[in-house]
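Since the structure comes first, as structure tokens, the remarks are kept for the end.
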Amino acid sequence: MHRILKKDILAENIKLMEVDAPLVSRRCQPGQFVMIRLHEKGERIPLTIADFNRKNKTITLIFQEVGKSTEEMGFLKEGDSILDVIGPLGLATERKKEEKKVICIAGGVGAAPLFPELRHIKELGNYTVTVLGARSKDLLIWEDELKRYSDEFYITTDDGTEGSEGFVSQKLEELLNDASPDDYAYVLAIGPVPMMRATADTTRPYKLPTFVSLNTIMVDGTGMCGSCRVTVDGKVKFACVDGPEFNGHLVDWNELSARQIRYVPQEKEACEHFHRQLEELGIKPE
Amino acid sequence: MPEQDPIVRRSNFDEVALGFSEETAVIEAQRCILCKKPQCIDGCPVGIDIPGFIKKIAEKDFESAIGIMKDQNSLPAICGRVCPQETQCEAKCVLGIKDKPVAIGRLERFIADWERDVSGIKSPERAKQLGKKVAIVGAGPAGLTCAGDLAKKGYDVTIFEALHATGGVLRYGIPEFRMPNTIIDAEVDYVKQLGVDIQCNIIIGLTFTMDELFEQGYKAIFLGTGAGLPNFMNIPGESLNGIYSANEFLTRNNLMRGYLFPEYDTPIGVGKNAAVIGGGNVAMDSIRTALRLGAEKAYIIYRRSEVELPARIEEIHHAKEEGVIFRILTNPVRYIGDENGWVKAMEVLEMKLGEPDDSGRRRPLPIEGSNYIIEVDTVVVAIGTSPNPLLMRVTSGLETSRWGTINIDEKTGMTSIPGVFAGGDIVTGAATVIEAMGAGKIAARGMHEYITGK
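In structure tokens, the structure reads:
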């Protein structure tokens with residue numbers, strides 16, 4: 000059992016939890032994730048480790064309530080426990096000090112998995128240019144945290160309520176045009192699949208290396224089932240053990256997008272079932 | 000062997016085989032002629048004293064029977080259900096020459112079930128502790144057996160399991176209708192009562208490294224991590240929605256209880272026309288699971304002929320009774336999807352058998368131009384698994400074969416790293432539960448000699 004030591008609401012349907020997880024916090028590296036199972040009947044879901052504290056033996060998870068499991072998790076309070084927190088899983092990303100600047104792009108809740116990567120990249124001595132985007136200003140999360148590790152920091156919102164109006168990919172295009180794409184070593188983009196895809200499409204003509212972190216559907220997270228399989232450069236890879244980070248220019252985005260929605264009917268049924276149960280118990284959502 | 004009626008059982012997950020009654024068991028046991036030189040024991044990968052336990056059943060001394068069984072085999076309820084006795088002990092039974100062999104497997108299951116359900120499993124005596132720690136990686140059949148044997152010798156044994164539940168393939172791979180989870184729980188409980196500590200959710204290689212285990216004072220390590228990497232055919236369309244590896248399909252259903260969705264949260268999707276590619280026990284388990292999840296048409300697609308099907312005859316028979324259609328000498332060429340990325344059909348072609356290949360089985364050869372389309376909305380690829388490479392990737396010095404299996408000394412079970420032993424599917428590639436158990440026994444002996452010989 001893993002106790003929830005801290006809980007914050009970062010935005011509508013986006014919550015933060017600091018969780019007691021000594022076996023994960025001792026060795027986890029930026030880029031790695033955990034599998035969470037709330038209780039005996041729960042499903043296993045992957046969440047990227049947004050932060051970790053080796054001394055306190057905790058990890059920080061940030062999640063968006065997109066379905067039954069994340070909604071249910073959102074009801075847990077400080078002092079409650081999560082049954083299983085398994086990790087650290089996935090390949091730790093290898094970074095170094097680059098000659099050129101590094102662009103980091105976060106879309107919505109992607110700011111959470113981007114944070115430990117950005118911090119690591121900055122601590123290696125890199126010049127970091129960060130773009131944080133969301134649909135609207137109320138959905139921007141961890142602005143201060145990301146800003147702290149950024150030499151240049153830009154915000155975009157789809158509706159223009161903060162920063163520049165538009166998508167992160169539009170801001171990226173601007174940056175590449177204003178300066179020269181040769182000024183940059185690579186781009187790291189983490190966020191919803193369409194956003195990462197748009198980023199890769201933006202940098203492709205400039206041949207600027209672009210890395211993305213894929214949040215595929217997973218079951219075990221240790222490479223034994225293939226639920227998370229994605230085609231990269233024509234070969235089948237497992238996001239849980241070959242990733243989750245991949246070369247954005249080589250990902251088969253059409254296939255990935257189709258595979259991400261393969262359980263939508265069941266997800267809907269699970270949510271309806273859950274809401275009926277809540278109604279019967281007289282519980283209202285937060 | 001009494002069984003559930005096929006029409007009834009194809010829509011439930013209850014165990015198909017209902018087990019011998021006491022009367023039937025005793026009568027069957029009395030058939031054994033107690034050969035002076037029993038051939039059956041040679042056929043058993045864990046060397047059970049078969050005539051010994053059968054004699055006790057014949058004498059209605061069930062308590063002694065299970066005692067003799069458990070001398071060599073800590074997991075008899077499991078073996079009694081999934082061992083292919085028909086190719087092992089029963090194949091050597093002399094009665095089988097003119098008549099039917101003694102139903103050794105049924106009797107093994109009977110006595111194990113009797114202990115659990117009727118007499119209550121006796122708590123074993125704890126062996127005198129040697130004060131030495133050993134680590135087992137993987138709580139599957141190989142690991143559980145190795146752990147049990149070492150605990151009986153007095154070692155302080157810890158099993159580290161990557162999943163949140165024990166049993167390995169027993170739990171995630173074999174469906175409830177062949178291997179009820181309650182049986183696995185009872186057998187694992189017995190191993191725990193021998194003094195073995197089992198820690199789940201720990202992935203050796205990621206949570207701890209093997210070096211760290213040695214630093215923590217473990218004298219030897221056994222790797223029973225299994226062949227958990229699913230094989231795909233790498234044909235066009237294989238990543239379309241609705242196409243699963245057998246591992247994913249069975250793990251969702253068995254380990255995560257997808258058949259009880261939405262009471263349990265993990266979903267599993269099965270349409271009306273299901274096809275499983277493959278002919279082994281995993282393929283049979285997969286197609287019979289698909290039937291139970293609502294498939295109206297259920298196909299086995301296998302590239303060789305019926306005679307070559309690797310699955311147990313019993314399971315092929317059960318599948319046919321339940322209405323599975325066998326398309327043998329058939330191989331998929333590609334999958335066809337709809338505009339939303341879901342599989343809607345597959346193109347297959349017919350095969351004919353040529354000369355034997357490396358495995359000794361006749362090589363399947365495509366018949367040019369014999370292609371045709373089968374409508375499918377669910378496909379399970381059950382063509383075998385390879386060793387899970389995770390541990391090998393992060394451990395230097397561990398010699399492997401070109402297929403990724405770990406190389407071991409056959410006599411001791413030791414790998415190229417001193418003090419590190421291995422057994423089961425991670426060494427042989429996908430094989431049977433009982434072979435994994437046999438390997439666990441060999442390694443336990445090897446580890447004991449290694450530790451005491453130092």
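Listed in order, the protein sequences are those of chains A and B. Those letters in the first sequence? Residues 0 to 285, per numbering that gives the first Met the number 0, in order. Those letters in the second sequence? Residues 0 to 453, per numbering that gives the first Met the number 0, in order. We put the CB at the ideal spot given by N, CA and C, even for glycine.
(request) Within 10 angstroms of the Cβ of A:VAL263, are there 16 or more other Cβ atoms? Answer buried if so, exposed if not. (result) Exposed, by the Cβ-count rule.
(request) State yes or no: is the beta carbon of A:LEU75 nearer than 8 Å to at least one beta carbon in chain B? (result) No, no contact with chain B.
(message) Distance check for A:ARG2 and A:VAL18, CA to CA, integer angstroms please.
(response) Near 6 Å, if we compare the C-alpha coordinates of A:ARG2 and A:VAL18.
(message) So, with DSSP's three-state summary, where would you put B:LYS471?
(response) Because chain B spans 0 through 453 in this model, residue 471 of chain B falls outside it and cannot be assessed.
(message) At the 8 Å Cβ level, is A:ASP232 part of the contact set with chain B, yes or no?
(response) A:ASP232 does not count as touching chain B.
(message) Can you check which of these residues, B:SER73, B:PHE61, B:PHE109 and B:TYR263, is closest to A:PHE273 by C-alpha distance?
(response) A:PHE273 has its Cα closest to that of B:TYR263, out of B:SER73, B:PHE61, B:PHE109 and B:TYR263.
(request) Inspect the beta-carbon positions of A:ASP157 and A:SER135 and report whether they are closer than 8 Å. (result) It is a contact, given that the beta carbons lie within the stated cut-off.
(request) For A:ALA20, collect the residues of the same chain with a Cβ closer than 6 Å to its Cβ; drop the 5 residues on either side in sequence, then sort them by chain order. (result) Result list for A:ALA20: HIS1, ILE58 and VAL84, in chain order.
(request) Determine contact between the segment 264-283 of chain A and the segment 282-294 of chain B, defined as no fewer than three beta-carbon pairs at a distance below 8 Å. (result) By the C-beta criterion, the segment 264-283 of chain A is judged not to be in contact with the segment 282-294 of chain B, since fewer than 3 inter-stretch pairs fall below 8 Å.
(message) Spatial neighbours of A:VAL218 within its chain, please: C-beta separation below 7 Å, excluding the five flanking residues on both sides.
(response) By the criterion of a C-beta distance shorter than 7 Å, A:VAL218 is surrounded in its chain by ARG43, CYS224 and SER226, once the five residues flanking it on both sides are discounted.
(request) Could you list which residues in chain A have their beta carbon closer than 8 Å to that of B:PRO229, in chain order? (result) What B:PRO229 touches in chain A: MET223, CYS224 and GLY225.
(request) Could you tell me whether any Cβ in chain A is nearer than 8 Å to the Cβ of B:MET255? (result) It does: the Cβ of B:MET255 has a partner Cβ on chain A nearer than 8 Å.
(request) Using a Cβ cut-off of 9 Å, pull out every chain E residue sitting near B:PHE159, in sequence order please. (result) Protein chains in the displayed structure are A and B, and chain E is not among them.
(message) Using a Cβ-Cβ cutoff of less than 8 Å, which residues in the same chain neighbour B:ALA185 once the five nearest sequence positions on both sides are dropped?
(response) Within the same chain, Cβ atoms closer than 8 Å to the Cβ of B:ALA185 are found at ALA76, ARG115 and ILE120, the five residues on either side in sequence being excluded.
(request) From the DSSP output, read off the bridge partner residues of B:LEU228. (result) B:SER385.
(request) Taking only the alpha-carbon atoms, compute the straight-line gap between B:ASN240 and B:GLY336 and give it to the nearest angstrom. (result) Looking at the two C-alpha atoms, the distance is approximately 8 Å.
(request) Show which residues of chain B have a CB atom less than 7 Å away from the CB atom of A:VAL65. (result) Within chain B, no residue has its CB atom less than 7 Å from the CB of A:VAL65, the nearest being about 14 Å off.
(request) May I ask you to verify whether the segment 261-281 of chain B touches the segment 368-382 of chain B, counting CB pairs closer than 8 Å and requiring at least 3? (result) Judged by Cβ distances under 8 Å, the segment 261-281 of chain B makes contact with the segment 368-382 of chain B, as three or more pairs qualify.
(request) Ignoring anything shorter than 4 residues or poking outside the segment 167-248 of chain A, list the alpha helix (DSSP H) runs there in chain order. (result) Taking 4 residues as the minimum length, the alpha helix (DSSP H) runs contained wholly in the segment 167-248 of chain A are 167-177, 192-202 and 238-241, in order along the chain.
(request) For B:THR399, name the three-state secondary structure that DSSP assigns. (result) Note: B:THR399 maps to strand in three-state DSSP.
(request) Return the chain-ordered list of same chain residues with a C-beta closer than 6 Å to the C-beta of B:TRP341, the five sequence neighbours on each side being excluded. (result) Its chain contains ASN240 and GLY241 as the residues whose beta carbon lies nearer than 6 Å to that of B:TRP341, once the 5 sequence neighbours on both sides are disregarded; these appear in chain order.
(request) Can you grab the Cα-Cα spacing for the pair B:GLU21 / B:ARG177, in whole Å? (result) Spanning the alpha carbons of B:GLU21 and B:ARG177 requires a straight line of approximately 21 Å.
(message) Does chain B have any CB closer than 8 Å to the CB of A:ILE85?
(response) So, interface residue.
(request) Would you mind reading off the limits of the alpha helix (DSSP H) that contains B:MET209? (result) Counting along the chain, the alpha helix (DSSP H) containing B:MET209 begins and ends at 209-214.
(message) Within a Cβ cutoff of 8 Å, which residues of the same chain sit near B:ILE103, ignoring the five residues on either side of it in sequence?
(response) If we look at B:ILE103 and ignore the five residues flanking it on each side, its Cβ neighbours are CYS39, ILE49, ILE53, GLN84, CYS88, GLU89 and CYS92.
(message) Assuming contact is defined by CB atoms lying nearer than 8 Å, are B:GLY51 and B:ILE67 in contact in what I supplied?
(response) Between B:GLY51 and B:ILE67, the gap from beta carbon to beta carbon is short of 8 Å.
(request) Using a cut-off of 7 Å between C-beta atoms, extract the partners of A:HIS272 located in chain B. (result) Within 7 Å Cβ-Cβ: PRO261.
(message) Here's the rule I'm using: 16 or more other beta-carbon atoms within 10 Å means buried, otherwise exposed. How should B:ILE476 be labelled?
(response) With chain B running from 0 to 453 in the structure shown, residue 476 of chain B is simply not present.
(message) Please tell me whether B:GLY142 and B:GLY216 are closer than 8 Å, where the distance is taken between their beta carbons.
(response) No.
(request) For the segment 33-46 of chain A, enumerate the residues whose C-beta is nearer than 8 Å to any C-beta of chain B, in chain order. (result) Listed in sequence order: ARG36, LYS40, GLY41, GLU42 and ARG43.
(request) Report the rounded CA-to-CA distance for B:LEU74 versus B:LYS127, giving the unit in angstroms. (result) In a straight line, the C-alpha of B:LEU74 is about 22 Å away from that of B:LYS127.
(request) At 4 residues or longer, and completely inside the segment 60-91 of chain A: list those alpha helix (DSSP H) runs for me, N to C. (result) As far as the segment 60-91 of chain A is concerned, its whole alpha helix (DSSP H) runs of at least 4 residues are 67-74.
(request) Starting from B:GLY172, follow the alpha helix (DSSP H) in both directions and report where the run begins and ends. (result) Taken as a continuous stretch (DSSP letters only), B:GLY172 belongs to no alpha helix (DSSP H), as it is neither H nor E.
(request) Would you mind reading off the limits of the alpha helix (DSSP H) that contains B:ALA435? (result) Per DSSP, B:ALA435 belongs to the alpha helix (DSSP H) from 432-452.
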